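To keep things clear, I will list the structure first and then write my remarks on it.
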Amino acid sequence: MTEVAKTKNPIKLWTIAALLALAGCVCMPQMMPVSDRELIYTNSIFSVAVFGILLVLLHRALVRILPGEKRKWLIAGGLSFFFSLCMVFGARLEEAENVVFTNARMWLSVIVCSVIMTLLVGLAWDTIKNVRFSAKTPGKWSARWDEISAPRQILYMAAFILICWLPVFLAVYPGFFVYDAQEEYMQVVTRNFSAHHPLIHVLLLGGIIHAVYKISGSYNLGIACYTLFQMVVLSGIFSYAVFYMKQKKISLWVRMITLLYFGLFPVIVMFSLCSAKDGLFTGMFLLLFLMIKELCEEPEGFQCSKGKQLLFVLGAAGVMLFRHNGKYAFWVFALLLFWYCRQQRKTVLLLTAVSIGIYLIFSSGLGAILGAQKGGSQEMLTVPIQQLARVYTSDQENISEWEKKIIHEYLPEGALKRYTPKVSDGVKIEFNNEAFRRDTKQFIRLWGRWGLSHPFTYLNAWMMTSYGFWYPDTVIDVYRGNEVFTYTYEDSSYFGYEVEEPGTRESKFPWLAERYRKLSLEVTQQKIPAVSMLFSPGFLFWIMMFTAGFLWEQKKYRQLIPFLLPVLIWLTVILGPTYLVRYVVFLWVLLPFMILSLFDRSGGQ
């Protein structure tokens, strides 16, 4: 690299780097949710610092460009283009709730940012490749810890995580009973079941709470028992994940940092103590992810281990049972896994068939036994419903009476008037499923016709309900103004902090409860530079994509394949009703494995 660098004209390299750095500084406001009239960045010494940093980094990247690296720059370029697109679009959505697709300056900014980011991503990948961790003899404490048997290690670590969570549990006692919790519980009480929510979670949540209430007469004790049950399950899974690192010969200090992360990081703590199905789904997902890694990286060992195959089935069935979108992601992933694992196809086929069989038995069987009503079509049609509502709201003068009559058959005018750009719940709740079943083609024709005449409106409608998943700077305030049981959402809808009826909050440590309330309902963490990104779904998504891109560029397909599952799940959530942390908690539990994958020096293919 040094010899190649010497042949390059240093003046030319510095000139190119300076021009790119200046262009980047000029275009950067397009990636920030500020209007052109604001001078907070352009007329600031901060922009000089940005220029200086970009100049140095871009020059270093230009020096490192070598012949024969077409693959690297193509992958880095594709990743950088989509990142730049998301940053520019996201900034406009955050500021004005609308992207003007005919804005030439915006597209120029996308191109400039793509070029700069391609060079920076390539430089980052080169830097990571050159990092080497020297093998060290295990220290005294590491050796003593590793002498402990596997079950005891997992038990001790699970106990440690529970101890970390216990003060928060007491602070928010009986737990976070929120996000459809009351509705799921009432299904058990009234014996009126619906397939809208996963029935296995409805029975677990409602069954435990109602059984304890019957015995003790206390709703809070029932909610607390369910919360403790979930805490025990998740602490066991997280401790197993740390033990899995030991099997991969990860150093003790990295494992202990990961253990502390699982025990203390607020996002993981909040959803481990939350009644929503997302907690158990995340645990099942992590089990499945680890077993897929084992299958891809150590196929012979996986095939010889009945325990790991059982964990694969448990994780796969759980992913499908605890979230409806999990089944679609897993079905597609199973096909990819079957294609990739040519030598283990019988094993993959068997485990996949058993997992899907368990899912079908539980979902269909419970539905039949409980007489559960089938869910409506509105969940599958969230994006089309939101698109139609945005066109109806923004362009009524160009909509004919005949078209209004058609749309009102499916969506009453009152529902359409409740359209809000960031969440579709207010509109889709009144969707006429009977009319849709009676004349599906008419709905599709109207949707297609309006899409052809309002393509940009359709794109904006979809992006407004999903951009929080791919724009790191998003402030999650989708429920702003909504009244719930104990408060009204204002600046932030990061997490549903409350306890829904029939539970009531009985905090043992009010000061700690207040801290979690601020994290949930105020823009507290967003005011801390850099740290705020650790709470951002969009930032973690791009960390995952950066990792996947690096593994692809390095042809480390064994490490890459497991990351296709979370990508597929992510693709399902961006078609959902809104963007909330609860839908992508799996990104937080994946974070340690993303980082480790970047520095894994094992072979590829």
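Letter by letter, the sequence shown follows residues 1 to 605 in my numbering.
Cβ atoms here follow ideal geometry from the backbone N, Cα and C, with glycine treated the same way.
In this text the structure is predicted, and so the values were computed from the model without any measurement.
Spatial neighbours of residue i within its chain, please: CB distance less than 7 Å, with the 5 preceding and 5 following residues excluded, ordered by chain position.
i           : result
residue 290 : 241, 244
residue 3   : The predicted position of residue 3 is uncertain, since its pLDDT is 47 and thus under 50; a value taken from the coordinates is nonetheless stated next. Here the set comprises nothing.
residue 81  : 114
residue 349 : 338
residue 330 : 316, 319, 320
residue 5   : The pLDDT assigned to residue 5 is 49, lower than 50, so where the model puts this residue is not dependable, and the model offers no usable value.
residue 458 : 387, 451
residue 443 : 410, 436
residue 1   : The predicted model places residue 1 with a pLDDT of 46, which falls under 50 and marks its position as unreliable, so this point remains unresolved.
residue 336 : 564
residue 692 : No answer is possible for residue 692: it lies beyond the span of the chain, which begins at 1 and ends at 605.
residue 11  : none
Please classify residue i: does DSSP put it in a helix, a strand, or coil?
i           : result
residue 343 : helix
residue 2   : Note on residue 2: pLDDT 46, under 50, position unreliable in the model; the coordinate value appears next. Residue state, collapsed to three classes: helix.
residue 118 : helix
residue 507 : coil
residue 298 : coil
residue 597 : helix
residue 514 : helix
residue 483 : strand
residue 251 : coil
residue 194 : strand
residue 488 : strand
residue 495 : coil
residue 177 : coil
residue 20  : helix
residue 281 : helix
Would you say residue i and residue j are within 7 Å of each other, going by their C-beta atoms?
i           : j           : result
residue 484 : residue 498 : yes
residue 465 : residue 578 : yes
residue 118 : residue 77  : yes
residue 75  : residue 549 : yes
residue 479 : residue 493 : yes
residue 424 : residue 386 : yes
residue 333 : residue 551 : no
residue 309 : residue 351 : yes
residue 226 : residue 215 : no
residue 219 : residue 508 : no
residue 376 : residue 432 : no
residue 116 : residue 52  : no
residue 93  : residue 366 : no
residue 428 : residue 396 : no
residue 97  : residue 33  : no
residue 273 : residue 177 : no
residue 519 : residue 266 : yes
residue 88  : residue 153 : no
residue 100 : residue 84  : no
residue 403 : residue 415 : no
residue 597 : residue 559 : yes
residue 328 : residue 127 : no
To which residues of the same chain is residue i closer than 6 Å at the C-beta, ignoring the five residues directly before and after it?
i           : result
residue 462 : 383
residue 358 : 317
residue 373 : 194
residue 222 : 209, 212, 213
residue 505 : 499
residue 326 : 319, 320
residue 288 : 315, 316, 319
residue 482 : 489
Who are the near neighbours of residue i in its chain, counting only those whose CB is closer than 8 Å to its CB and skipping five residues on each side?
i           : result
residue 341 : 295, 296, 299, 347, 348
residue 121 : 76, 79, 80, 546, 549
residue 59  : 13, 14, 17
residue 108 : 27
residue 323 : 198, 277, 278, 281
So is residue i in contact with chain B if we call contact Cβ pairs under 7 Å?
i           : result
residue 490 : Among the protein chains of the structure shown there is no chain B, as only one such chain exists.
Could you tell me whether the region 538–548 touches the region 587–594, using the rule of 3 or more Cβ pairs below 8 Å? Segments in contact, yes.
Mind pulling the alpha helix (DSSP H) runs of 4 or more residues that sit fully within the region 23–67? DSSP runs (the alpha helix (DSSP H)) wholly in the region 23–67: 45–63.
What runs of the beta strand (DSSP E), each 3 residues or longer, lie entirely inside the region 78–116? As far as the region 78–116 is concerned, it has no whole beta strand (DSSP E) run of at least 3 residues.
Give, in chain order, every unbroken run of the alpha helix (DSSP H) that is at least 4 residues long and sits entirely within the region 355–422. Segments of the alpha helix (DSSP H) lying fully in the region 355–422: 382–394, 401–410, 413–417.
Should the region 269–287 be regarded as contacting the region 225–239, the criterion being three or more beta carbon pairs within less than 8 Å? Enough Cβ pairs lie closer than 8 Å, so yes.
Would you list, in sequence order, the uninterrupted alpha helix (DSSP H) runs of no fewer than 4 residues that lie entirely inside the region 431–475? The qualifying runs are 433–438, 440–453, 455–464.
Check whether the region 181–195 and the region 157–167 are in contact - that is, three or more C-beta pairs closer than 8 Å. No, because fewer than three Cβ pairs between the region 181–195 and the region 157–167 fall closer than 8 Å, the two stretches do not touch.
Length at least 4, wholly inside the region 540–595: the alpha helix (DSSP H) runs in chain order: Segments of the alpha helix (DSSP H) lying fully in the region 540–595: 557–560, 564–573.
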